[in-house]
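K.L.:
Just passing along the structure, written as structure tokens.
In this note's numbering, the protein residues as written are -6 to 522.
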């Protein structure tokens, strides 16, 4: 990673000047040559960048910026296994998880292929009923327990792609007991498989939920030996999983060279295969691999992830967009904004450069969003007439998911109309009805939403994140900011359990004492569950 600040580069200064003299998007769209440069297709996805607020000359300068940070060399380093996670001194090899046999990176290909085969065999035996529970009943329910990256990716994929109804697959991440209770409701313990995903097998939320799930199973079956049959783990800590009661044959590796938010392509993606079969997971990998190949081979000016990253930098650092909205016009992609929120903000929500110095420009904007036309009757009001600068992505499919084609046409029409309204605006003479417009948006159209195209869409965003990290000079593969709250929670939990609270700040001490008093009052009145 370069230690040169992007602000010091000639292209950065040129971009700052160009941002002061930009024409409105409506005028820019009159340039057919510019528009043609901003329409790309790759891996079954068509990207329309023409409603970005960039002239042809600005696009040239953004590409110059990419070359001045040596983006192409960084791309090679990522794909060839270089040390791109500098604070933890390791590579980020999520792309190696989706390479076909015989084309992987030396030193890890054998383990990747072995694990893929083990997962496929395990899934096949669960789905065909040859691998059964401790009372010899075939599995009907799967409760997948994880959090963060090891949870959002699989749940998004299963929600987006559906199941073939052989197995009822449920997800738990929050330590809120209500979430686990809901997931267990209606499950037959003799026909339930639990899958715990935790690299360290010590993540607080995941471990507590797994322990409670184990207690639930034991209380209802009385079969202590049954844990080995009913629990599997995806973890790097085989010893801890074994101590929990999981048979080593049911423990699948999660390597330290794959971050949680990039782990869907590993054994963490097992729920996709359980839901639809191994062929669906293979198609997910194939779609991501197709986008990898496009990212690796396409020139910067025709490279979809690169251009998406450059426009993100342009909007954030030069046009003042502090918010980015992901607007998915497909009910199956309801979880996509949450998934991208974690992928992008945990990766690039950084204030320190790779050389340890403070950044001298903003990095990741706040990312949020929603699904379908529902948002048009809610937060789109803010987008159209609010005062905050933002950018947005519209994502939908060309092919309808149902025979209700007229519904799909209305869905597409609304997506196109909203993106049009965001740049066009409305200059009516009535002040309360005026819409300023001139907001930059990108439209991504998937040919259809299946495993292949979903894989390509997620890989597109992974590479976009990486490119933006390179430009900002930050490490997109660590997440030290999430650790502080975890450390502070331990002594607070001890205080809530009756321990010492004097070392806490005045506000936290007051709240701890309030909650302890409430517990005591509830216990004495007999109202506590």
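No residue lacks a Cβ here, since even glycine has one placed at the ideal position from N, Cα and C.
Comparing alpha-carbon positions, which option in 157, 176 and 263 lies nearest residue 166?
P.N.:
Minimum Cα distance to residue 166 is reached at 176.
K.L.:
Work out the CA separation of residue 145 and residue 242 for me, nearest whole Å.
P.N.:
Taking the straight line from one Cα to the other gives about 25 Å.
K.L.:
What number of angstroms, rounded off, separates the C-alpha of residue 87 from the C-alpha of residue 258?
P.N.:
7 Å
K.L.:
Among 489, 481 and 46, which has the Cα closest to the Cα of residue 509?
P.N.:
489
K.L.:
Just verifying my parser: in three-state terms, what is the DSSP assignment at residue 298?
P.N.:
helix
K.L.:
Could you tell me the boundaries of the beta strand (DSSP E) in which residue 129 lies?
P.N.:
Neither: residue 129 is in no beta strand (DSSP E) and is coded neither H nor E.
K.L.:
Which whole runs of the alpha helix (DSSP H) in the stretch 116 to 167 are 4 residues long or more, in chain order?
P.N.:
142 to 154
K.L.:
Can you give me the C-alpha to C-alpha distance between residue 288 and residue 421, rounded to a whole angstrom?
P.N.:
44 Å
K.L.:
Give me the Cα-Cα distance between residue 471 and residue 84, rounded to the nearest whole angstrom.
P.N.:
11 Å
K.L.:
Please identify the residue among 334, 270 and 371 whose C-alpha is closest to the C-alpha of residue 444.
P.N.:
Of 334, 270 and 371, the residue nearest in Cα terms is 270.
K.L.:
So which of 369, 340 and 370 has the shortest CA-CA distance to residue 356?
P.N.:
340
K.L.:
Using a Cβ-Cβ cut-off of 8 Å (strictly less than) and excluding sequence neighbours within five positions of residue 98, which residues of its own chain qualify?
P.N.:
73, 74, 86, 89 and 92
K.L.:
How far does the alpha helix (DSSP H) with residue 28 in it reach, from first residue to last?
P.N.:
25 to 30
K.L.:
Return the Cβ separation of residue 191 and residue 123 in integer angstroms, given the expectation that the two are a contact with Cβ distance under 8 Å.
P.N.:
Wrong, their Cβ atoms sit about 27 Å apart, outside the cutoff.
K.L.:
Quick one: is residue 332 buried, meaning 16 or more other Cβ sit within 10 Å of its Cβ, or exposed?
P.N.:
buried
K.L.:
Closest to residue 298 by CA distance: which of 461, 366, 365 and 67 is it?
P.N.:
461
K.L.:
Taking the alpha-carbon positions, what's the residue 141 to residue 434 distance?
P.N.:
28 Å
K.L.:
Can we say the stretch 148 to 158 touches the stretch 207 to 217, given the rule of at least three CB pairs closer than 8 Å?
P.N.:
no
K.L.:
Should residue 134 and residue 186 be called a contact, given that it needs their Cβ atoms to be closer than 9 Å?
P.N.:
Contact: yes.
K.L.:
Select from 372, 381, 113 and 366 the residue whose C-alpha is nearest the C-alpha of residue 403.
P.N.:
Taking only the C-alpha atoms, the option nearest residue 403 is 366.
K.L.:
Please determine if the stretch 311 to 326 and the stretch 473 to 491 are in contact, where contact requires at least 3 C-beta pairs separated by less than 8 Å.
P.N.:
No, the stretch 311 to 326 does not touch the stretch 473 to 491.
K.L.:
Inspect the beta-carbon positions of residue 37 and residue 441 and report whether they are closer than 9 Å.
P.N.:
yes
K.L.:
Using only alpha-carbon positions, find the residue among 245, 201, 335 and 77 that is nearest to residue 466.
P.N.:
77
K.L.:
Would you mind working out which of 9, 20 and 41 sits nearest residue 300, comparing C-alpha positions?
P.N.:
Checking every option, the nearest Cα to that of residue 300 belongs to 41.
K.L.:
On the DSSP letters alone, give me the boundaries of the beta strand (DSSP E) that residue 355 sits inside.
P.N.:
Unbroken run through residue 355: none, as it is neither H nor E.
K.L.:
Since residue 215 contacts residue 224 with CB under 8 Å, what's their CB separation in whole angstroms?
P.N.:
Not really, about 16 Å apart at Cβ, beyond 8 Å.
K.L.:
Could you tell me how far apart the beta carbons of residue 138 and residue 80 are, in whole angstroms, since I believe they sit closer than 8 Å?
P.N.:
Not confirmed; about 28 Å, so no contact.
K.L.:
Between the C-alpha atoms of residue 200 and residue 275, what's the straight-line distance to the nearest angstrom?
P.N.:
29 Å
K.L.:
Return the chain-ordered list of same chain residues with a C-beta closer than 7 Å to the C-beta of residue 222, the five sequence neighbours on each side being excluded.
P.N.:
Cβ within range, chain order: 126 and 127.
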